[in-house]
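The sequence shown runs contiguously to residue 1189 in the working numbering. Just so you know, even glycine gets a beta-carbon here, dropped at the ideal spot from N, CA and C. Everything numeric in this text was worked out from a predicted model, so none of it was measured. For reference, the structure is listed below as structure tokens.
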Amino acid sequence: MKILSRYILSEFLGNAALGLLIFTFVLLLDHLFELVELLLNKGVGLWLTAKLMALLLPSSFSLTLPMAILLASLLTYGRLSENNEITAARASGLSSWSYIKMPLLAALLCAIFLMPFNTVWAPRAHTAFRKIYVQLLKKNPLVRIEEKTFVAVGDYHLYVERKDKKTGLMKGVTIYKLPRSGAGLRIFADRGQASYKEGQGLTMVLLQGRIEQTDAAAPERWVNTDFKQYQFFIPLADAQTSTERSIEEMDNRELRSEILMLKGKGLPHPIQSCQIQLRWALAVTPLLFAALGIPLAIRMQRGGRSIGFGMSLLIVVIYYVMIMGGTALGQRGSWPPWIAVWAGNIILLETSIFLYWRMSRR
């Protein structure tokens, strides 16, 4: 019994580690490219880049850990069933519980870990990431200037056709400003350079271009001015400092406080309620995925990794479509939040119970 448990658990944990590595890498691939760009071309230090990466991981962990548990269940028990090891265990008089208990226990521990992780640790990591990133932009707003992308810098909007990553020379520069009052402004230049003085603002030096500005007295008239060189200053002050926090950055205690505040004002609070329920629902997903994957793999009797990856992706897509769809209904107030969010988990549980019932009759 102990040898069998260790044998199954070791293979299960190995497959789970493989799945966690692959799913996390895929989910964070876009962010990885951004962080590498910050490190290599934006002058951000290695330590700060590594810290940003470490704070990004929790944002994906609540999704990738359940996916890894599901993949491990399908791969482990699919191979055991394909090699007739499940049949041999049954022929030896062992009950089903003897060869499924350790992976289920591991999945239960993952679910227990995700409860404080989803409700407290991940929101705090999200907040820490935003604060560091905002401070980075405040310290060096040149980081935000990218090719063929409109970027808000102070009261201005900047567009650059091409940018030399080494020298910072910008070509095809377009700058416009739409003030709340006064004249509109557009600046076009063949090329230009930008420099930043910390705590003050951005200095733009533009070459070979023109300035188009509306007449404040007659807004339908435009005044055009050509220039060979034009320098102007963009004050930033506290343009990038914001104390507003998204709902993903609030832990459950803060969300409950906001719900009480909204209740006191007689206002609806389905978004906050759904967010709390969603975090708890995702926390128990590893156990539900293991409970579903084990009997499904035994019934399929296929252990190939391609089959395991394909089946796990199919189940994950179906599950997250259900839970996200239910969450959307709950946020609109169409369904009570707990029913809307937990409907997908209830379907998983019912399917698992049915598969175990079928497996016990064989």
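Residue nearest to residue i in terms of C-alpha spacing, selected from the options
i, options, result
"P1095", "R1037, G1153, L1115 and G1160", "G1160"
"L1163", "K975, P1062 and I1103", "Going by the sequence as given, residue 1163 is Pro instead of Leu. Cα-wise, what sits closest to P1163 is I1103."
"T954", "T994, P885 and R906", "P885"
"W1165", "L1029, C1101 and L1114", "C1101"
"F1116", "L882, V1143, L936 and S1084", "V1143"
"Q1035", "G1091, A1016 and R1048", "A1016"
"E988", "M1077, G1137, T1001 and L1089", "T1001"
"P893", "L883, L902, L862 and G846", "G846"
"T1041", "L1029, R1013, L996 and K1055", "R1013"
"G1120", "M1151, V863, E838 and L1182", "L1182"
"S1179", "L1114, M1149 and F1136", "L1114"
"S1139", "G872, I830, L840 and F850", "F850"
"Y986", "T994, Y1057, G999 and L840", "G999"
"I1098", "A1155, D1053, E1177 and G1137", "A1155"
"D857", "P1062, L883 and L1141", "L883"
"W1169", "L1105, I830 and L1141", "L1105"
"W1049", "Q1058, E1039, Q1056 and Y1057", "E1039"
"F1136", "L898, L1082, G1011 and L1033", "L898"
"G995", "G1011, V980, Y1003 and M1031", "M1031"
"A979", "F956, Y1003 and K992", "Y1003"
"D1053", "R1037, P1062, F1060 and E1047", "R1037"
"L854", "K1024, T891, T876 and G872", "T891"
"H984", "D991, K992 and K975", "K975"
"I959", "G872, I1174, K992 and A1167", "G872"
Classification of residue i by the beta-carbon crowding that lies within 10 angstroms, buried from 16 upward
i, result
"T1068", "For T1068, the predicted structure reports a pLDDT of 44, less than 50, and the residue's modelled location is therefore unreliable. The matter cannot be settled from this model."
"S1073", "exposed"
"D1065", "The pLDDT assigned to D1065 is 49, lower than 50, so where the model puts this residue is not dependable; a value taken from the coordinates is nonetheless given after this. Per the 10 Å Cβ criterion, exposed."
"R833", "exposed"
"N910", "exposed"
"N842", "buried"
"M1077", "buried"
"I972", "buried"
"A1021", "buried"
"I1192", "Residue 1192 lies beyond the stretch modelled for the chain, which goes from 828 to 1189, so this question has no answer here."
"S900", "buried"
"G1019", "buried"
"P950", "buried"
"L902", "buried"
"Q1027", "exposed"
"L848", "exposed"
"G920", "exposed"
"F956", "buried"
Spatial neighbours of residue i in its chain, beta-carbon cut-off 8 Å, leaving aside the 5 residues before and after
i, result
"A844", "A895"
"A1110", "S889, A938, L941, M942, F944, N945 and T946"
"R1185", "P1122 and R1126"
"L1176", "L1115 and A1118"
"L836", "M929, P930 and A933"
"L831", "A916, L921, S925 and Y926"
Backbone secondary structure at residue i - three-state DSSP
i, result
"M1186", "helix"
"K990", "strand"
"G995", "coil"
"W1162", "coil"
"K928", "helix"
"S1133", "helix"
"Q1104", "helix"
"Q1058", "strand"
"R1126", "helix"
"V1111", "coil"
"M1138", "helix"
"Q1067", "Bear in mind that the predicted position of Q1067 carries a pLDDT of just 41, short of 50, making it unreliable; the figure below should be weighed with that in mind. Note: Q1067 maps to coil in three-state DSSP."
"F977", "coil"
"E1047", "coil"
"H984", "strand"
"G1091", "helix"
"Q1099", "helix"
"I1014", "strand"
"S832", "helix"
"M1077", "coil"
"I1038", "strand"
"I1002", "strand"
Cβ neighbours of residue i in the same chain (closer than 6 Å, five flanking residues each side left out)
i, result
"Y904", "I1121, A1124 and I1125"
"L907", "I913"
"A934", "I896, P1113, L1114 and A1117"
"E1075", "H953"
"F839", "A899, T903 and P930"
"E1047", "none"
Own chain partners of residue i with C-beta closer than 7 Å, once the 5 adjacent residues on each side are dropped
i, result
"I1086", "H1096, Q1099 and S1100"
"M880", "L862"
Chain C contact for residue i (CB, 8 Å cutoff)
i, result
"P1163", "The question asks about chain C, but that chain is absent: this structure has only one protein chain."
#### Entry: Those runs of the alpha helix (DSSP H) which lie wholly inside the segment 845-925 and span at least 4 residues
856-868, 873-909 and 912-918
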